[in-house]
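The working numbering puts the first residue of the sequence shown at 646, with every later residue one more than the last.
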Amino acid sequence: MDPHLLRTFVTVAGCGSFSGAARQLGYTQSAVSQHVAALEEDLGATLLHRRPVVPTEAGVRLLDHAGPILLRLDAARADVRRTAAEAAGRLIFGATPLALAYPMSLAVARLRRSMPGLDVTLRVAGRAAVVTGVAAGELDLGLVDGVAAPTDPLRLPDAGALTTVRVAEEPCGVFLPADHPLAARSGLRLGDLVEARWIDAPDVGAPLADLRAAAGVDGVRAAFRYEGTDVASLLTLVAAGHGLAILPMRTHPGVRAVPIVEPRLVHRIELLHGHLAGPAEALTRSVRSGA
Numbered sequence: 646m647d648p649h650l651l652r653t654f655v656t657v658a659g660c661g662s663f664s665g666a667a668r669q670l671g672y673t674q675s676a677v678s679q680h681v682a683a684l685e686e687d688l689g690a691t692l693l694h695r696r697p698v699v700p701t702e703a704g705v706r707l708l709d710h711a712g713p714i715l716l717r718l719d720a721a722r723a724d725v726r727r728t729a730a731e732a733a734g735r736l737i738f739g740a741t742p743l744a745l746a747y748p749m750s751l752a753v754a755r756l757r758r759s760m761p762g763l764d765v766t767l768r769v770a771g772r773a774a775v776v777t778g779v780a781a782g783e784l785d786l787g788l789v790d791g792v793a794a795p796t797d798p799l800r801l802p803d804a805g806a807l808t809t810v811r812v813a814e815e816p817c818g819v820f821l822p823a824d825h826p827l828a829a830r831s832g833l834r835l836g837d838l839v840e841a842r843w844i845d846a847p848d849v850g851a852p853l854a855d856l857r858a859a860a861g862v863d864g865v866r867a868a869f870r871y872e873g874t875d876v877a878s879l880l881t882l883v884a885a886g887h888g889l890a891i892l893p894m895r896t897h898p899g900v901r902a903v904p905i906v907e908p909r910l911v912h913r914i915e916l917l918h919g920h921l922a923g924p925a926e927a928l929t930r931s932v933r934s935g936a
């Protein structure tokens with residue numbers, strides 16, 4: 646199966662049109678049609694209905710396999726290219742906004758002292774982007790955060806066999822406006838807040854799906870969605886009364902953080918990596934040892 650043809654098929658299925666896929670891929674529409682036809686001939690099955698352009702049953706089955714296949718190909722390509730980068734002394738790591746609370750900058754500073762001339766790039770992004778970046782080999786390491794029960798793993802996007810290293814953990818609480826009726830409480834039960842107004846900030850605060858799982862209920866509905874990665878902006882929205890959010894227990898002006906007493910939840914930061922070599926391996930050793 647030609648991966649170029651597979652990528653074209655996935656793009657057409659995602660766009661819902663051959664012309665849209667052609668614009669996205671930089672091909673002619675005729676070339677896109679030929680790619681899909683060649684893949685169908687190779688597999689002996691029709692993969693797309695043409696009017697409208699939607700996957701057939703066989704196409705749906707192929708899409709289930711296509712994501713992991715293309716991701717592994719991207720990872721292999723990046724891994725080979727990274728060999729040259731390691732020789733040149735480069736390190737690219739990604740981090741979610743709240744994961745930056747972990748003093749990774751100190752570990753990187755020590756690494757740069759031991760490897761003079763090391764070229765370091767930091768990319769701040771949402772959880773899914775960091776996880777996918779590490780899985781695809783675009784990032785040497787990833788630092789991600791999330792909310793979970795103390796004994797549970799973080800609920801991260803499925804991106805193949807990545808190794809996780811727990812590096813930090815702290816209590817988390819419900820953040821609400823300072824004048825909120827519940828702000829004076831000494832603790833709150835998550836089950837009592839399922840009908841509250843929540844801010845859905847999947848790349849900064851606790852994803853609402855995680856809260857539903859933790860509370861064991863189908864409630865916890867979003868009243869407002871924030872699609873950004875700036876923590877200060879999220880807190881501004883909380884202070885303005887747009888909804889509640891769950892974050893690590895720290896003091897911030899204009900908002901009040903009330904501990905969650907049931908269920909017990911923690912904010913955790915984990916390091917993600919695939920194949921390790923060069924500066925990435927040295928940095929991971931430093932994090933594992935707590936140095």
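Just so it is clear, CB atoms sit at the ideal spot from N, CA and C, and this is done for glycine as well.
**Request:** Output the distance between the C-alpha atoms of Ala732 and Gly782, rounded to the nearest integer angstrom.
**Result:** With a pLDDT of 49 at Ala732, under the threshold of 50, the modelled position of that residue is not reliable, and no figure is offered here.
**Prompt:** With 16 as the cutoff for other CB atoms within 10 Å, does His920 come out buried or exposed?
**Reply:** With fewer than 16 other Cβ atoms within 10 Å, it is exposed.
**Request:** Taking only the alpha-carbon atoms, compute the straight-line gap between Thr796 and Arg696 and give it to the nearest angstrom.
**Result:** 50 Å
**Prompt:** How long is the line joining the alpha carbons of Glu840 and Leu889, rounded to whole angstroms?
**Reply:** Each residue's alpha carbon lies about 11 Å from the other.
**Prompt:** Is it the case that the Cβ atoms of Ala703 and Leu692 are separated by a distance below 9 Å?
**Reply:** yes
**Prompt:** Looking at the structure shown, is Glu702 part of a helix, part of a strand, or coil, going by DSSP?
**Reply:** helix
**Message:** On the DSSP bridge list, what partners appear for Phe738?
**Reply:** Among the bridge pairs identified by DSSP, Phe738 is matched with Leu767 and Leu786.
**Prompt:** Nearest to Ala823 by CA position, among Ser931, Ala773 and Arg901, is which residue?
**Reply:** Arg901
**Asked** What do you get for Glu956, buried or exposed, if any count of 16 or more other CB atoms within 10 angstroms of its CB means buried?
**Response** Past the boundaries of the shown model lies residue 956; the chain is included only from 646 to 936, so the question cannot be answered.
**Prompt:** Alpha carbon to alpha carbon, what distance is there between Phe654 and Gly665?
**Reply:** 12 Å
**CB contact below 9 Å: Val876 versus chain D** = Going by chain labels, chain D is absent from the structure shown, which holds only one protein chain.
**8 Å contact criterion, which Val657 and Val698 should meet: CB distance rounded** = 7 Å
**Asked** Under the three-state reduction of DSSP, which class applies to His694: helix, strand or coil?
**Response** strand
**Item:** Best match in Val906, Pro798 and Gln674 for proximity to Asp837 [C-alpha to C-alpha]
**Value:** Val906
**Message:** Quick check on DSSP: helix, strand or coil for Ala922?
**Reply:** In the three-state reduction of the DSSP assignment, Ala922 falls in the coil class.
**Message:** Does Arg913 pass the burial test, meaning 16 or more other C-beta atoms within 10 Å, or should it be called exposed?
**Reply:** With 16 or more other Cβ atoms within 10 Å, it is buried.
**Prompt:** Just curious, the alpha helix (DSSP H) that Asp687 is in, first and last residue?
**Reply:** Gln674 to Leu688
**Asked** Near Asp719, what residues of its chain come up, given a Cβ to Cβ distance below 6 Å and the 5 sequence neighbours on each side ignored?
**Response** Cβ neighbours of Asp719 beyond the five flanking positions: Ala781.
**Message:** Considering just the uninterrupted stretch of the beta strand (DSSP E) at Arg901, what are its terminal residues?
**Reply:** Val900 to Glu907
**Message:** By DSSP's criteria, Thr881 is part of a beta bridge. Which residues make up the other side?
**Reply:** Paired residues: none, contrary to the question.
**Request:** Kindly give me the distance between the Cβ atoms of Ile844 and Leu786, rounded to whole angstroms, as I take these residues to be in contact under 8 Å.
**Result:** That pair is no contact at about 29 Å.
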